[in-house]
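Beneath this line is the structure, given in structure tokens, with notes to follow.
In the numbering used here, the protein residues as written are 6 to 377.
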């Protein structure tokens, strides 16, 4: 019996030693004298030519950072308009075995205008490299260097919505494009309380956009501001939290803002009858042309009719200009964008037909229409 107590005490001692060892590992300090030093920039003055966005523009090299423990080191290359890096822009992140990075004309132009350089005017861009152990727990910062850059007018990202919260689910091949106008992107579409994100293309790689949160993978951090119904989901995604219905998704891609807001629409996505009114029937709502509801599918309606040059139209949910009305997305935005907006945020759809037969398809759930 005495031997049993001795053995138990011995195991308890081992447990205490083990826990103490774990605590000691948390107290490791970085050797800041080994901070990464920016050794070379391939250019002093760079004129960015918008005709060659994929050409290499700048190469950044640095020496290896050293720490007191052999833990994986990641390097973050940052740009800023000021040498104090009050609002740094992350050009990229590389693993410890790499100590050089090359950025294209397009990438450097995005960085230049995001930090606030003026198009067609040479401005100074400051650069530095930050090394980090593990999950950014211990960092060391390089010296600061600079390059003079002349950017061109910024082409803002095209955003594609995907995820369980969206109309398309997790199918990246049909991710929903948003209507883009300057630095803003919009869509009226179905949302449900689930995870989602945005892609930069209709494929998973290479560009993803999610919430700028410490829990998000660094390369996917983008949205600095969100409405209250969009929160952190997981390391790749945001989460939508409001009830299932149609929402106006609005993104401001200005580099100083990078916001996303989801506002509930007063209109739904599934109605028993929908109609087309416009120049094809002299804008007479009482004789609006009925659309056919697609069977066994929510929110999709079709009409085949003849359309002449400069045809204009809208969609109605009743044979009058009442509450149920949809047109081209946004006020004072007559055209053929393929995106719908509800009453008070819509304009006329304008289509240049040739007098032949066209099929008009309206998808209220997706927030789109087509004329083919």
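Where is the CB? At the ideal position from N, CA and C, for every residue including glycine.
In angstroms, rounded to a whole number, what distance separates the CA positions of residue i and residue j?
i	j	result
residue 344	residue 181	11 Å
residue 124	residue 105	27 Å
residue 97	residue 268	32 Å
residue 264	residue 160	17 Å
residue 322	residue 233	31 Å
residue 166	residue 377	24 Å
residue 144	residue 228	24 Å
residue 231	residue 189	14 Å
residue 299	residue 374	14 Å
residue 367	residue 319	11 Å
residue 26	residue 69	Residue placement at residue 26 cannot be trusted, given a pLDDT of 37 that sits under 50; what the coordinates show is reported in the next sentence. Looking at the two C-alpha atoms, the distance is approximately 28 Å.
residue 257	residue 214	13 Å
residue 37	residue 83	The pLDDT assigned to residue 37 is 41, lower than 50, so where the model puts this residue is not dependable, and the model offers no usable value.
residue 285	residue 329	20 Å
residue 216	residue 238	9 Å
residue 211	residue 46	26 Å
residue 292	residue 282	8 Å
residue 249	residue 198	7 Å
residue 301	residue 325	27 Å
residue 175	residue 50	44 Å
residue 339	residue 333	6 Å
residue 382	residue 331	Outside the displayed span of the chain (6 to 377) sits residue 382, for which this structure offers no information.
residue 240	residue 359	51 Å
residue 336	residue 288	19 Å
residue 361	residue 202	40 Å
residue 342	residue 369	15 Å
residue 262	residue 91	15 Å
residue 173	residue 129	43 Å
Does DSSP classify residue i as helix, strand or coil?
i	result
residue 269	strand
residue 329	coil
residue 283	strand
residue 110	helix
residue 316	strand
residue 180	coil
residue 322	coil
residue 290	helix
residue 375	strand
residue 32	With a pLDDT of 37 at residue 32, under the threshold of 50, the modelled position of this residue cannot be trusted, and the question is left open.
residue 310	strand
residue 297	strand
residue 194	strand
residue 115	helix
residue 274	coil
residue 62	strand
residue 203	strand
residue 209	coil
residue 368	strand
residue 304	coil
residue 79	strand
residue 94	strand
residue 48	coil
residue 68	coil
Hey, does residue i have any beta-carbon neighbour from chain C nearer than 8 Å?
i	result
residue 104	Going by chain labels, chain C is absent from the structure shown, which holds only one protein chain.
Given a cut-off of 8 Å on the beta-carbon distance, is the pair residue i and residue j in contact?
i	j	result
residue 372	residue 193	yes
residue 132	residue 152	yes
residue 208	residue 171	no
residue 65	residue 136	no
residue 357	residue 290	no
residue 58	residue 107	no
residue 310	residue 363	yes
residue 195	residue 251	yes
residue 63	residue 85	no
residue 351	residue 304	no
residue 200	residue 266	no
residue 272	residue 306	no
residue 146	residue 88	no
residue 185	residue 163	yes
residue 120	residue 205	no
residue 308	residue 294	yes
residue 134	residue 191	no
Our contact map puts residue i next to residue j with C-beta atoms below 8 Å; I'd like the distance itself, whole angstroms only.
i	j	result
residue 236	residue 246	6 Å
residue 127	residue 110	About 15 Å separates the two Cβ atoms, so there is no contact after all.
residue 317	residue 365	Not quite, the Cβ-Cβ distance comes to about 13 Å (not below 8 Å), so this is no contact.
residue 118	residue 156	5 Å
residue 53	residue 114	5 Å
What runs of the beta strand (DSSP E), each 3 residues or longer, lie entirely inside the stretch 336 to 362? 345 to 347, 354 to 356
Identify every run of the beta strand (DSSP E) within the stretch 215 to 268, keeping only runs that are complete inside it and at least 3 residues long; order them along the chain. 226 to 228, 235 to 237, 243 to 245, 250 to 257
What beta strand (DSSP E) runs, 3 residues minimum, are completely inside the stretch 117 to 175? 128 to 138, 143 to 146, 150 to 155, 165 to 167
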